[in-house]
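Peer 1: Here the protein sequences come in this chain order: A and B.
Going by my numbering, 14 is the number at position 12 of the first sequence; the sequence numbering is gapless.
Going by my numbering, 252 is the number at position 123 of the second sequence; the sequence numbering is gapless.
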Amino acid sequence: MTKPTKLTNNVRQSRLLAELTQEQLASQLGVTRQTILAIENGKYSPNLELAFQMARILDVALEELFSLPEN
Amino acid sequence: MSFQEKSVWISLPVDIGLVLGYLVWLQLQLQTQSAETLDYKWVLIGFIAAGVVLNITLQIVLASILHKQAKLEDVRDREIKSKSNSITLFMLAVPFFLAIGLAMVEASYFNIVHVLYFGGGLAGLVNSVSRLFFYRRGI
Numbered sequence: 003m004t005k006p007t008k009l010t011n012n013v014r015q016s017r018l019l020a021e022l023t024q025e026q027l028a029s030q031l032g033v034t035r036q037t038i039l040a041i042e043n044g045k046y047s048p049n050l051e052l053a054f055q056m057a058r059i060l061d062v063a064l065e066e067l068f069s070l071p072e073n
Numbered sequence: 130m131s132f133q134e135k136s137v138w139i140s141l142p143v144d145i146g147l148v149l150g151y152l153v154w155l156q157l158q159l160q161t162q163s164a165e166t167l168d169y170k171w172v173l174i175g176f177i178a179a180g181v182v183l184n185i186t187l188q189i190v191l192a193s194i195l196h197k198q199a200k201l202e203d204v205r206d207r208e209i210k211s212k213s214n215s216i217t218l219f220m221l222a223v224p225f226f227l228a229i230g231l232a233m234v235e236a237s238y239f240n241i242v243h244v245l246y247f248g249g250g251l252a253g254l255v256n257s258v259s260r261l262f263f264y265r266r267g268i
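What follows is the structure in structure tokens.
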């Protein structure tokens with residue numbers, strides 16, 4: 003299956019560093035665990051609000067969490 | 130699999146049954162009588178009512194089984210729903226304009242009703258399938 007989003011992300015690494023499970027992160031963000039899974043697998047690009055909330059909870063800068071490759 | 134995706138999977142057989150079930154009944158009836166003499170109205174209403182009741186019942190059953198998940202519809206669910214609804218709206222335009230065209234050429238009510246019913250049914254199916262596609266492939 004092709005990746006529908008061009009964004010790459012470090013959500014999984016940042017979440018593991020923050021010692022959070024997908025369920026815990028989802029609960030703090032008010033989304034389902036499946037949404038976290040879809041973001042980590044590059045199947046869903048969160049909107050800005052969710053991305054900022056995620057960066058705040060994981061205590062990383064937004065550009066460290068998400069990036070858009072040059073090509 | 131999220132609750133919203135499960136709920137689409139559950140309503141999909143009902144949507145298919147509504148279109149196929151009525152189509153089979155109609156084909157069987159049209160083998161023995163003409164469209165002009167066929168009394169289809171109550172059967173059609175029955176199919177629509179059964180579909181609505183069955184869908185609501187299944188959703189209630191699913192929500193009672195998965196009551197914790199059922200409360201949450203998140204931003205991804207809403208985006209998928211919105212994207213699928215746009216596709217469905219486009220699909221609905223086809224039977225809508227076809228029905229207007231048929232009415233303009235004074236086609237029979239039978240034809241107009243069935244264009245609308247099958248068009249609506251297919252649009253419902255497209256809605257469910259596109260939602261499942263976006264859940265599986267991503268958006």
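Glycine included, each C-beta is placed from N, C-alpha and C at the ideal position.
Among residues of its own chain, excluding the 5 on either side of S237 (chain B), which ones have a beta-carbon nearer than 8 Å to its beta-carbon?
Peer 2: If you number the second sequence from 1, residue 237 (chain B) lands on position 108. Here the set comprises A164 and E165.
Peer 1: In terms of alpha-carbon separation, which member of A:N43, A:L52 and A:G44 lies closest to Q30 (chain A)?
Peer 2: Indexing the first sequence from 1 puts residue 30 (chain A) at position 28. For the residues A:N43, A:L52 and A:G44, the minimum Cα distance to Q30 (chain A) belongs to A:L52.
Peer 1: Leaving aside the five residues before and after T34 (chain A) along the sequence, list all residues of the same chain whose C-beta is less than 8 Å from its C-beta, in chain order.
Peer 2: Along the first sequence, read from residue 1 onward, the residue named residue 34 (chain A) stands at position 32. Once the five neighbours on either side are set aside, the close Cβ partners of T34 (chain A) are A28.
Peer 1: Can you check whether the CB of I241 (chain B) is closer than 8 Å to the CB of L231 (chain B)?
Peer 2: As a first step, residue 231 (chain B) is located in the second sequence; it is residue number 102 there, counting from the start. As a first step, residue 241 (chain B) is located in the second sequence; it is residue number 112 there, counting from the start. Cβ distance < 8 Å, so L231 (chain B) and I241 (chain B) count as in contact.
Peer 1: For S92 (chain B), which of helix, strand or coil comes out of DSSP?
Peer 2: Since the first residue of chain B shown is 130 and the last is 268, residue 92 (chain B) is not available in this structure.
Peer 1: I'd like to know if the segment 177-187 of chain B and the segment 143-150 of chain B are in contact, where contact means that at least 3 CB-CB pairs between them fall below 8 Å.
Peer 2: At 8 Å Cβ cutoff, the stretches touch.
Peer 1: Suppose you measure from the CA of M3 (chain A) to the CA of P142 (chain B); what does that come to, to the nearest Å?
Peer 2: Here residue 3 (chain A) is taken as the residue at index 1 of the first sequence, counted from 1. Here residue 142 (chain B) is taken as the residue at index 13 of the second sequence, counted from 1. Note that M3 (chain A) scores a pLDDT of 48, beneath 50, so its modelled location is shaky; the value from the coordinates is reported in the next line. C-alpha separation (whole angstroms): 25 Å.
Peer 1: I believe Q158 (chain B) touches L167 (chain B) by the beta-carbon criterion, under 8 Å. Please report the beta-carbon distance rounded to the nearest angstrom.
Peer 2: Position 29 of the second sequence, counting from 1, holds the residue named residue 158 (chain B). Position 38 of the second sequence, counting from 1, holds the residue named residue 167 (chain B). Correct: roughly 5 Å between the Cβ atoms.
Peer 1: Below 8 Å on the Cβ atoms is my guess for D206 (chain B) versus S140 (chain B); work out the distance and round it to an integer in Å.
Peer 2: Your numbering for residue 206 (chain B) matches position 77 in the second sequence. Your numbering for residue 140 (chain B) matches position 11 in the second sequence. Rounded, the Cβ-Cβ distance is 14 Å, inconsistent with contact.
Peer 1: Decide if T221 (chain B) is buried, meaning its Cβ has at least 16 other Cβ atoms within 10 Å, or exposed.
Peer 2: By 1-based counting over the second sequence, the position of residue 221 (chain B) is 92. One point to set straight first is that residue 221 (chain B) is Leu, not Thr, in the sequence displayed. Per the 10 Å Cβ criterion, buried.
Peer 1: Could you have a look at N69 (chain A) and say whether DSSP puts it in helix, strand or coil?
Peer 2: Mapped onto the first sequence, residue 69 (chain A) falls at position 67. The residue you asked about is not Asn; residue 69 (chain A) is Ser in the sequence shown. Of the three classes helix, strand and coil, the one that applies to S69 (chain A) here is strand, per DSSP.
Peer 1: Just the chain B side, please: which residues come within less than 9 Å of N49 (chain A) by C-beta, in chain order?
Peer 2: If you number the first sequence from 1, residue 49 (chain A) lands on position 47. Going along chain B in sequence order, the residues near N49 (chain A) (Cβ under 9 Å) are V204 and E208.
Peer 1: Should S76 (chain B) and I216 (chain B) be called a contact, given that it needs their Cβ atoms to be closer than 8 Å?
Peer 2: As displayed, chain B neither begins before 130 nor continues past 268, which places residue 76 (chain B) out of reach and without an answer.
Peer 1: DSSP has T10 (chain A) in a bridge; who is on the other side?
Peer 2: The sequence position of residue 10 (chain A) within the first sequence is 8, counting from 1. A:S69.
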